[in-house]
Every structure is written in structure tokens, then in C-alpha cells.
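These notes are about the structure you will find just below.
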Amino acid sequence: MRFRYGLAALAVMFALGPIPTFAIVCLHESMTMDEVVKVIGSAPSCERAMAIFKDCQMSTSGDIHLGEAVEKKCEGDFLARLKPPRKAAYQREMDACDRKYRNESGTMYRSFTAFCRAGIAQRYSRQALKAKP
1258 MRFRYGLAAL
1268 AVMFALGPIP
1278 TFAIVCLHES
1288 MTMDEVVKVI
1298 GSAPSCERAM
1308 AIFKDCQMST
1318 SGDIHLGEAV
1328 EKKCEGDFLA
1338 RLKPPRKAAY
1348 QREMDACDRK
1358 YRNESGTMYR
1368 SFTAFCRAGI
1378 AQRYSRQALK
1388 AKP
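Each residue of the sequence shown is one higher than the one before, starting from 1258 at the first, in the working numbering.
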């Protein structure tokens, strides 16, 4: 009998429409993950993108998406101009972040990986902007 009530409850939930996405309180606003990614992508600089990431972090695997947005923003400052040896070094550092917490369980370790990768991209961006004539 309980099984029928459970199925009925699920049927009602699906009939009411899509399940809402979770909101993140970030920059003193409630935003969806996609909205935060857009804000990071539209940030004026890599530094600002990283600041938004830090402000909006969830300390869970959800930080992977935010970190990827920061990486993309920061890579715009340097990736196209990196020579092959330097590009290989960059990739080795990113791979080291991926390996660092690979054997750890728990979503906070995915967050640590995302911050590690974003931090490397930020460092390369800073170096490239200093070297710009």
C-alpha cells in the first residue's frame, strides 16, 4: 500500500513540471549554477573571475563547473600565446591537480581539484599580463 502512495507522489511531482534547480547565494544574490558560470565568464578579468569563484564556492563537486569557467576566462590571457614547451608544462601542472585528490572520496575533494586548477590558470594569466609589453 505504501508503494502506491509513493508512486502517486512521484506522479504528482512530475505532473507539476520540472524540478527546480538549486540556487547558490553568491554576490548577495540567489543564482543558479548556470547564472554564476555566466557571471564568471563575463567578468572583466581573470582576477575578478577568481574572486567570484571564491565568493560563490559550494565546497562540493559543483565547484567543478565554476572552476572550469575561471580556467576558460584566465586561459584567454595566455593560452594562445604559449609556446609548446610552456603549454606542456601548463598541462602537466593541471594534470597534477587532477591526480592530487584522485583517490579521495567525497565531493569536497572535487572542489579542491577545481580550485587547484583555477589557481594554476590564474598564475599563468598573471605571468602573461606582466610580460605583455
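Ideal placement from N, C-alpha and C gives every residue a C-beta, glycine not left out.
Tell me the residue span of the alpha helix (DSSP H) that contains residue i.
i	result
T1364	T1364 to A1388
Y1358	Neither: Y1358 is in no alpha helix (DSSP H) and is coded neither H nor E.
K1329	D1320 to E1332
Going by beta-carbon coordinates alone, are residue i and residue j separated by less than 9 Å?
i	j	result
I1321	S1362	no
D1355	R1380	no
A1378	C1313	no
M1307	V1327	yes
D1334	S1299	no
T1317	T1364	yes
L1323	M1288	no
Terminal residues of the continuous beta strand (DSSP E) containing residue i?
i	result
M1315	Run containing M1315: none; DSSP gives neither H nor E here.
E1286	E1286 to T1289
What are the partner residues of residue i, as DSSP defines its beta bridges?
i	result
C1283	E1286
By DSSP, does residue i sit in helix, in strand, or in coil?
i	result
K1340	coil
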